[in-house]
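Below is one structure; the comments refer to it alone.
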């Protein structure tokens, strides 16, 4: 029998469709069918300036907008050959790690809800809500942040922002303990996730899986350590790795990542407190908007402002690929520039798209009920798969 | 282990494949290590890059198509390779001329190429010969054209009239009979 799961099934987290060939309750073949949310973002980017494409990136992985902003901006900065000041790097690290916590909260809540544990959903959303309020405080938007810019940030962090982050970071580890108290030794949770949706390290590498899926299969690989960006090499944190490659191990990896993310946030806040107020963008006005005060007083600043707003900046002819460790895995942007203010080609290497391919390996030969667990443990976002 | 430099990767490749004209991409702002190679040697070079213990490019991270219209050769396919043990990236580039570009599939080297190649096929119409299931992936199955080619029309779709509509989607004669009859209005 062939069964269509989705595109409207609640546990497919959006508009994923899986064509399942069944023998009784056993899955013989699982074929994910994607594309229902395709909006042609790569094509659209070719007709926008670099800055105009930043709001598009929020809508790819809409659960981790800041990570997408960061990957986009870092790739553009690599193309331009510029690097942002340490204070900006610390703000970016702080916000992307908060994003990781929020994204993992969302994953944990919905994954547990799919399997039947309802309370975790409410608890995890409580903390996600706090991160969204922090977003709102820093940039005015809760979901589509668009806060990072090529060469810096859209605006400086507001007053009281660091205290607010500090409160959240201090209380978060206790909340992670709460989630773990609900699930880690829960017999139902163990029965539904342990030994289910197994992905061997060999398959994970061959299928290009990254992020917690790769680390849950026993491969210690994290771009923050392997190819550091934004000064991650100066932070003290660990990369959790588990070896059995089942849904339970991916759960443990992500929960531990939430703890590690709070550690990084803590260090970033301290660093920002030490640095005090300062520039929130690079002072290279060929690529970055000059401060408004200077625009009012300096002729050159006015011209730079006008040129960047009217045309966008002109990158050199060339190409660059830059990847970051997003909550879901390796998120990369590849730019080909022909020297005009619009990219000749923008390619998005989205982690969910590549990770999605592992679903067939995880569920073939298993029960239909395990497909739900497998999809949940993959942590996919269809906005990012379809783009 | 000594760090794997881009020069070392090239050296190893030239040792193993003396006849293959590898060419490093030069440019003012080419920020990554990119090698051009001919399409017909792609699979063996990739297999070597994956299996050689020193290079160990175990993962294919991404594939991108590029349309360089009006330049010739028009198309490029870029392969983003990743070595987990070093960690090091290298990009391979294949140049393809003509309206119907073809390149051999690397699905046998890295199974992840399945969807990556389908995506590139979907956007550019680049045919990956030997791919077992080369269908559109993100666009609808009945989509006409290759949207990321630079000559793909942007909007301004032709409106469907009787004279430009194919027979199969014209209303059948039976359906026409069901349409309301014209009523003659009489003045009171």
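Protein chains in written order, with my numbering: chain A, 14 to 400; chain B, 3 to 190. Virtual Cβ for every residue (Gly too), placed ideally from N, Cα, C.
Would the beta-carbon of residue 178 of chain A fall within 8 Å of that of residue 126 of chain A?
-> It is not a contact, given that the beta carbons lie outside the stated cut-off.
Taking three-plus beta-carbon pairs below 8 Å as touching, is the segment 55-68 of chain B in contact with the segment 117-124 of chain B?
-> Counting C-beta pairs with one atom in each stretch, the segment 55-68 of chain B and the segment 117-124 of chain B have three or more that are closer than 8 Å, which means they touch.
Beta-carbon gap between residue 364 of chain A and residue 224 of chain A smaller than 8 Å = Yes; because the gap between Cβ atoms is below 8 Å, this pair is in contact.
Extent of the continuous alpha helix (DSSP H) to which residue 115 of chain A belongs | Per DSSP, residue 115 of chain A belongs to the alpha helix (DSSP H) from 99-128.
Nearest-angstrom Cα separation, counted from residue 259 of chain A out to residue 231 of chain A = If I take the Cα positions, the gap works out to 10 Å.
Can you give me, in chain order, the residues of the segment 348-376 of chain A that have a beta carbon less than 8 Å from any beta carbon in chain B?
-> So the close ones are 349, 350, 357, 358, 360, 362, 366, 367, 369 and 370.
For the segment 107-118 of chain B, which residues have a CB atom closer than 8 Å to at least one CB atom of chain A, in sequence order?
-> The segment 107-118 of chain B vs chain A, Cβ under 8 Å: 112, 113, 114, 116, 117 and 118.
Would residue 117 of chain A pass as a contact of residue 332 of chain A if the rule is Cβ separation under 8 Å?
-> Contact flag unset, no.
Give the interface partners of residue 34 of chain B over in chain A, defined as CB-CB distance under 8 Å, in chain order.
-> Under the 8 Å cutoff, chain A gives 332, 333 and 334.
What is the DSSP secondary structure of residue 338 of chain A, reduced to helix, strand or coil?
-> Three-state result, residue 338 of chain A: strand.
Residue range of the alpha helix (DSSP H) that residue 131 of chain B falls in?
-> It is not in any alpha helix (DSSP H) - residue 131 of chain B instead sits in the beta strand (DSSP E) that spans 129-131.
Thinking just about the alpha-carbon of each residue, which of A:227, A:238 and A:282 is nearest to the one in residue 255 of chain A?
-> Of A:227, A:238 and A:282, the smallest CA-CA separation from residue 255 of chain A is found for A:227.
Residues, ordered as in the chain, of the segment 17-34 of chain B that lie near chain A by beta-carbon distance below 9 Å | Considering only beta carbons, the part of the segment 17-34 of chain B lying closer than 9 Å to chain A consists of 27, 29, 30, 31, 32, 33 and 34, in chain order.
For the segment 375-382 of chain A against the segment 21-39 of chain A, are there 3 or more C-beta pairs whose distance is under 8 Å?
-> Between the segment 375-382 of chain A and the segment 21-39 of chain A there are three or more inter-stretch CB-CB distances shorter than 8 Å, so the stretches are counted as touching.
DSSP bridge partner residues for residue 93 of chain B (one or two, in chain order) | Bridge partners of residue 93 of chain B: B:36 and B:82.
Give me whichever residues DSSP pairs with residue 332 of chain A in a beta bridge.
-> Checking the DSSP bridge columns, you'll see residue 332 of chain A partnered with A:349 and B:32.
Meets three-Cβ-pair contact criterion under 8 Å: the segment 15-27 of chain B and the segment 244-254 of chain A | Three or more Cβ pairs closer than 8 Å define a contact, and the segment 15-27 of chain B falls short of that threshold against the segment 244-254 of chain A.
Just mark residue 474 of chain A as buried or exposed, buried being the case when its beta carbon has 16 or more other beta carbons within 10 Å.
-> A query on residue 474 of chain A cannot be resolved here, the shown segment of chain A reaching from 14 to 400 and no further.
Note down, in chain order, each residue of its chain lying with its Cβ closer than 6 Å to the Cβ of residue 314 of chain A, except the 5 sequence neighbours on either side.
-> Cβ within range, chain order: 303, 307 and 308.
Where does the unbroken alpha helix (DSSP H) through residue 320 of chain A begin, and where does it stop?
-> Run containing residue 320 of chain A: 312-323, per the alpha helix (DSSP H) assignment.
Residue interval of the beta strand (DSSP E) (run including residue 34 of chain A) = Its beta strand (DSSP E) spans residues 30-36.
Answer with buried or exposed for residue 201 of chain A, where buried requires no fewer than 16 other C-beta atoms within 10 angstroms of its C-beta.
-> Sixteen is the threshold: since fewer than 16 other Cβ atoms of the shown chains lie within 10 Å of the Cβ of residue 201 of chain A, the residue is exposed.
Three-state class that DSSP yields for residue 201 of chain A in the structure shown = Looking at residue 201 of chain A - three-state DSSP - the assignment turns out to be helix.
Residue 64 of chain B - containing beta strand (DSSP E), residue span = Residue 64 of chain B -> beta strand (DSSP E) spans 61-69.
Can you list, in chain order, the residues of the segment 196-222 of chain A whose Cβ is nearer than 9 Å to any Cβ on chain B?
-> Hits within the stretch, in order: 216, 218, 219, 220, 221 and 222.
Residues near residue 82 of chain B in its chain [Cβ-Cβ closer than 6 Å; skip 5 each side] | Excluding sequence positions up to five before and after residue 82 of chain B, its CB lies within less than 6 Å of the CB of 63, 64 and 93, all in the same chain and listed in chain order.
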